[in-house]
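Using my numbering, the first residue of the sequence shown is number 260, and each one after it goes up by one.
Working notes, beginning with the structure itself.
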Amino acid sequence: MARLKPVLIFLIQSVVVGLAAAFVVVLVRPQLLPAIDIGAGTVTGQPASYADAVDIAAPAVANVYTRRLMPNTGPGGSGRFRVNTSVGSAVVIDAEGYLVTNFHVVRLANEIRLQLADGRIANPQLIGVDAETDLALLKVDLGPLPAMPLGRSDQLRIGDIVLAIGNPYGLTKTVTQGIVSATGRGVLGMLTFENFIQTDAAINEGNSGGALIDTNGQLVGINTAVLMQDASTEGIGFAIPVDLVRGVVDEIKKNGRVIRGWVGIVPDELTRVEAEALGINSNTGILLNTIVPNSPAEAAGLRQGDVILSINDETIRSRQQALLIVARLNPEDQVEMEGFRDGQRFRVSLIAAERPPTQTR
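Set out below in structure tokens:
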């Protein structure tokens, strides 16, 4: 043991001397330290700047200015009309001059003006609207325009970074950043067909109709609404997914409107308590609140209080799902429904009609 003690002391002294020498060398020659790359990226591989994405997308975002003649019915009004003005945004979706915006941006407008990103001003033609998805299609004839590349909203994941580009409060080319907070968001009661992208990117008045883009500069949604509890809370933004926008635009280009299937049911969500009371051992299905008179549903014998479990063999889990399945049908398509009534399952066949137009003015 006595012989090991000098060896141990020698080892400790050697380590201390080595560390001291290394400290002195690094102090004098810091360049000998290995380099740490803190330039263009983060530990997750995301870019430190999204300027390239904005450069791709921003030239395709236009400002929308509208004028509406409204009856002057306020206190002291003379019965004459007053002019209401508003601002919004629009997105160029192809080089031929088609732009998408929100229906509520141009609703009741007597005059619509566009200011493109390059400063040019035009009065666009209103090609068509779809109030049930809050979309409108405009067109200008100004030669080839910079169009925004279209992405795929079905590939978005919760947590993905997105950027909103628009004209909030008339502040042109404003960009805000956030993440995808949720996809497929519905049951908000804002529109008939709801399938929103939810984001915490700031969306304010004037952003409506503007672009929600991914980090590659591709359009993934059209900004449409923000929910706020009160003035002191941060709003929650919603955008219409670009996959839905594509279908609506194609329909408007082809028909001037969106043609959807319709069977004449007004469904409600079926709660677990209601399902148990009806003897349904499942959390699927919708409860028929109303059967529209003279509709295919009435002709097929469906009744108020019926529970619909499947449509064309697709299990129904929500009111919104049922509405979307029916809306995708073509008029004259055959529809098979499975339901539950008075403790018994039943099946019914009916022929879809065209969904009646929604009041747009």
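All C-beta atoms in this analysis are idealised placements derived from N, C-alpha and C, irrespective of residue type, glycine included.
If you're wondering where the values come from, they're calculated on a predicted model, not measured in any experiment.
Look at L582 here: in three-state DSSP terms it is helix. When beta bridges are read from the DSSP output, D527 appears opposite L546.
The alpha carbon of G560 has as its nearest neighbour, out of A461, I610, I575, the alpha carbon of I610. Within a 10 Å sphere around the beta-carbon of T483 sit 16 or more other beta-carbons, which makes this residue buried.
In the structure shown, S577 adopts coil according to DSSP, grouped into three states. Separation of the CB atoms of I420 and Q436 is rounded to 7 angstroms, and the pair is thereby assigned contact status at 8 angstroms.
Per DSSP, reduced to three states, the secondary structure at I462 is coil, with no helix or strand assignment.
N322 has S348, Q374 as its beta-bridge partners, per DSSP. Annotated three-state conformation of K432 is coil, per DSSP. Counting C-beta atoms within 10 angstroms of its own C-beta, F340 has fewer than 16 neighbours from the protein chains shown and is therefore classed as exposed. Assigned with DSSP and collapsed to three states, R505 falls in helix. Counting C-beta pairs with one atom in each stretch, the segment 528-545 and the segment 571-584 have three or more that are closer than 8 angstroms, which means they touch.
Just so you know, the alpha carbons of V585 and P403 end up roughly 38 angstroms apart.
A direct Cα-to-Cα measurement between A390 and H363 gives close to 8 angstroms. Annotated three-state conformation of V399 is coil, per DSSP. Under the 10 Å beta carbon count, T332 is surrounded by fewer than 16 other beta carbons and is classified as exposed. For E391, the secondary structure class from DSSP, reduced to helix, strand or coil, is coil. Remark: C-beta atoms of N382 and R326 do not approach each other more closely than 7 angstroms. I511 is a Cβ neighbour of I386, given a cutoff of 7 angstroms. Ranked by how close their Cα comes to the Cα of R505, the residues V532, P318, I352, G378 have I352 in first place. Beta-bridge analysis with DSSP links I438 to I420.
Here Q384 is exposed. Its C-beta has fewer than 16 other C-beta atoms within 10 Å. Annotation: R600 to Q580 spans about 21 angstroms, alpha carbon to alpha carbon.
Straight through space, the alpha carbons of S467 and D413 are spaced by roughly 21 angstroms.
Take the alpha-carbon of G480 and the one of R444: they are about 13 angstroms apart. Scanning its chain for C-beta atoms nearer than 6 angstroms, with the 5 sequence neighbours on each side dropped, one finds around A556 the residues V522, G523, I524, I550, in chain order.
Linking L397 to V359 through their CA atoms gives a straight-line distance of about 6 angstroms.
Contact annotation: I472 and P500 have beta-carbon atoms that are not nearer than 7 angstroms.
Here L328 is not near G410, since their CB atoms are 7 angstroms or more apart. For S308, the number of other beta carbons within 10 angstroms of its own is below 16, and it is reported as exposed. DSSP places V364 within a helical segment (H, G or I) once states are collapsed to three.
DSSP places E595 inside the beta strand (DSSP E), whose first and last residues are 593-600. Buried is the label assigned to N322, since at least 16 other Cβ atoms lie within 10 Å of its Cβ. The three-state reading of DSSP puts N514 in helix, counting H, G and I together.
I438 is positioned such that its CB atom lies no closer than 7 angstroms to that of G465.
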